[in-house]
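Numbering (mature numbering (1 follows the signal peptide of the UniProt record, and there is no 0)), first residue to last: -27 to -1, 1 to 770.
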Amino acid sequence: MRTDAMPTSVRLLPFALLVLAACSSGGGETPDAGTPVVEDLCNSREEALTRPECELKPGEPLERFLALDSEPRAGDQDWYRIVLPPGTNARTLLNVNGTYLASSTAVNLSVTILGPLPDGKEGSLARKEDKHAQGAPRPVDIVLPLRDGLENQTLLVLVQDAPDVPSRPNFDARNKYRLTVRIDQNPDAQEPNDTHETATPLVLTQSGEMLMGASTGYLATDNDVDHYAFDLAEGKIAYVHVTAPDLDAVPNWRLSYELWRPGFTEKEDEGVVLPQVRGGELATARKIKKAELPGHWTLVVKGYRGTNDRDTAQGDLTQPYEVEVRVLEEEDAQDRTAPGNDRAQEATTRNLVSATPGGAGSSVSFTGRLGYIPDRDWYSVRLPAFSTPTLLRYRLVPLETGGRFPAMPVTASRVVHVFTLIATGGPLSESRESCATDAAVCPRDFSENPDARGLVDRFCRRTDLPAPMCLHSSREEAVGNSRFTALSNFRGVIPVPAHDAALMYYFLVQDNGSWVDDKDYRLEVSWDVEDADELSRYVNGAEAPLARTLASTTAFPSPPDTAEFSVTGQLSHGHGRLRSGTDRINGLGVRGPLDYDAVPSDVDSYVFDLPSVPPPEDRTWLLQWEVAKLADGGTPHGLALDLTFCDGDATDAGVGTCTPVRTGNRGPLTLGYRSDALRAWHTPSNAGTSSLQSLYQLEDRPNSTVVTLAPYACGCLERRFIRGGTLRVDVTASERLDYERVNYTLRTGHGDYPQSYPVDGGTTVSCPVVTDGGTTPDGDGGVIQNYAGGCNFTYQP
């Protein structure tokens, strides 16, 4: 034991510490009966400096009670000494760890290291405490960087309670705390590099077509900060990667980094790993675009300290981190020369002015890559004037070329947006307002994606764009969704109205966050003809519904497959509708959960004249639709039918007017195939689920899929609608799986009411019959026969 150096330490310890050692207080917890006998040792500085059991030696854990050996037990202070070995220097680290092994204790363990300060005085070199309140106790771990001139010196360690109420210290006479000491050389060979001026140079050497440099370090001490410097030239891309290997334990610190521009006055990027991550990984990729930015860049690696660095990032002697920098050439053809295509004003343009829809030269493609943060790729396609509606198809395909660095370790959120510029001829503010509010200026429909409203409004009102931009289509990456691998939803078909001047469509490809992968993609765009059926519906430049008469038949439940009962068409554009709530959340087919089309679906409209029949006028309604299959046997989409009846009994109904009825008692009158057993409009409220049936019948034919309104549905036309005279059916695509155009056929007719439907046991049940509803005077001395019951098809149970 060394004693020759001790008197100096004893003589110079501050008076405040002597007072602290002399203070004690009652209070704390009353120990339970049977509290073990406590041997209270090392109760003063003098004992710490002289008694062998009070010396803390590296690698030799010491366990003691923090309690006095007699009542009152509270107020115990334990003092220990540490003798620093020869060779102690500025790279030496002293690690003192105090912890309770029990799952609970009243003690808020406090550990203080005392010794000579740089100014020659004696005082506290480090202090930590565990304020765990009602939770489990946590270790108190101090990693203290030492300095030259401390070899063979003696330091003191004070262990005590840090009470919430200073006059009531706690104690624990049942559970011992454990105190351990380690004295090591700092494992970080780069130290000292705690400042910008002492940054460790990262030597970049040629490796294939890039420059690479790497280093390893440790954040060994509390609030340790390590700096690395490297040079970048204009036009280069810097990939910066910081990682802490997984050592099967959560490090004492949360890995974070900062990337600083030359001069160390402006931060380029920063990142921090999530809490409770074993190790962690951070990365960024940045391009040097501005002439003033080449030069000495600085990478700072540190533990995250919370908002405004108010927390302590505890050091960790066992957890290394690694930094890697790659300096790359720009490989995106659009970005190799200034100004690139990161802005709409600088979009890479393809001109189709000499093409015709669907003809030679009507398709173009762009190859690009997202190679740095933030990389925005703008493209545009110019269409010549054209007197009839056409279609614009697009598709984005990820490729495997490129990838000189791994994808960023964050969730990908790639998007593709399609726009046109809006100019109303008035002030720019007027154009922005019209874009955001007038569907005639900028088409919009949020029925399929209400959340897209904000996105549409933002692009209409953004002031950094050359003009208000009308969003026609948007696709967003659905990460982790097995329905949409390899960006399979990044495609669409947009209706292009007739236009008497050249029309430009803009495409924006980007990631909404900080993900890039340096891999190529291909954007394919083609100008196509609209189907002949669609064009035939236009009257004076506007699409008009096709008028037909609803024919009568004795067939049931399927209408006859003849021209008298049939209408046909194609649904050429839009991602279609999703009628299932689950599908709306998860996406289906060609449509991801966050995708948007300003025109969700091509709409084919039909207006059927209803028959004039004698009272009671209820009629059975027969309905069937058939959708052709693709060459591979798949069905590209289903149909949704939006119904609009005219209410002939409405008080404002009169000759030549229609009081529209588009909703039932619960929601829109929309029909579409469902396979599950449901309640029909006539199902008694007390009917059990075993009595329910499907409202539709599905038939899978070799070349088509056929859906028929089932007898159980009791399809019918209510008396008020017969008197209203017309039925409008708007046909749209639903559950679209493919954009290839196929023919559909809608068959419909009317017949005698009521019909019957089969039930279990081989019997049949009649749809609700019409009953006598009494009479009312007609005002001319006669009476009007009324009817009750019968058809109530718009009732939604």
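Note that beta-carbon positions come from the ideal geometry of N, C-alpha and C, so glycine has one too.
- With distances taken between CA atoms, V702 lies nearest to C619 out of C619, E239, G334.
- In this structure S667 is in contact with S648, their Cβ atoms being roughly 6 Å apart against a cut-off of 8 Å.
- Secondary-structure assignment with DSSP links E243 through a beta bridge to E231.
- Unbroken beta strand (DSSP E) runs of no fewer than 3 residues, entirely contained in the segment 83 to 146, are found at 95 to 102, 113 to 118, 127 to 134, following chain order.
- Considered as a whole, the segment 693 to 751 harbours no complete run of any alpha helix (DSSP H) with no fewer than 4 residues.
- In the three-state DSSP reduction, T329 falls in the coil class, being neither helix nor strand.
- Taking 9 Å as the cut-off, the Cβ atoms of H214 and E303 do not count as close.
- The C-alpha of G724 lies about 37 Å from the C-alpha of T555.
- By the C-beta density criterion, R387 is buried, having at least 16 other C-beta atoms within 10 angstroms.
- Here DSSP, grouped into helix, strand and coil, assigns Q318 to helix.
- Three or more Cβ pairs closer than 8 Å define a contact, and the segment 184 to 199 falls short of that threshold against the segment 82 to 89.
- Around the Cβ of E590, a 10 Å sphere holds 16 or more other Cβ atoms; the residue is buried.
- In the structure shown, E403 falls within a helical segment according to DSSP collapsed to helix, strand and coil.
- Residue environment analysis places S402 among the exposed positions, since fewer than 16 neighbouring C-beta atoms fall within 10 angstroms of its C-beta.
- Taking C-beta separations shorter than 6 Å and ignoring five residues to either side along the sequence, the partners of V11 in its chain run F38, A40, D42, A146, following chain order.
- In the DSSP assignment, C619 falls within the unbroken beta strand (DSSP E) covering 611 to 619.
- Across the structure, K602 and N716 are spaced so that their CA atoms are roughly 9 Å apart.
- For L496 and Y569, the gap between their C-alpha atoms comes out near 18 Å.
- When C-alpha distances from S585 are compared across D484, G697, E19, the shortest belongs to G697.
- The Cβ-Cβ distance between R448 and C408 does not fall below 9 Å.
- Collapsing the DSSP output to three states places T178 in a strand.
- Per DSSP, L508 is not a residue of any beta strand (DSSP E); the alpha helix (DSSP H) it occupies stretches across 505 to 509.
- By the beta-carbon neighbour count (other beta carbons within 10 angstroms, threshold 16), L719 is buried.
- Annotation: the continuous beta strand (DSSP E) that includes V300 extends over 293 to 301.
- DSSP, read as helix, strand or coil, puts N324 in strand.
- With a minimum length of 4 residues, the unbroken runs of alpha helix (DSSP H) contained wholly in the segment 402 to 464 fall at 425 to 434.
- If you look at G645, you'll find it in the beta strand (DSSP E) that goes 643 to 645.
- Rounded to the nearest whole angstrom, the C-alpha separation of E516 and H445 is 19 Å.
- Nearest neighbour of Y669 by Cα position, chosen from L266, C631, L595, G606, turns out to be L595.
- With contacts defined as CB atoms closer than 9 Å, D305 and G344 qualify as a contacting pair.
- Judged by DSSP secondary structure, N759 falls within the beta strand (DSSP E) whose first and last residues are 756 to 762.
- Relative to E33, the option among H390, A761, G71 whose CA is nearest is G71.
- When beta bridges are read from the DSSP output, T678 appears opposite V600, D673.
- Look at the segment 475 to 522 and you find these whole runs of alpha helix (DSSP H), each 4 residues long or longer: 505 to 509.
- Here I757 is exposed. Its C-beta has fewer than 16 other C-beta atoms within 10 Å.
- Checking the DSSP bridge columns, you'll see C689 partnered with T593.
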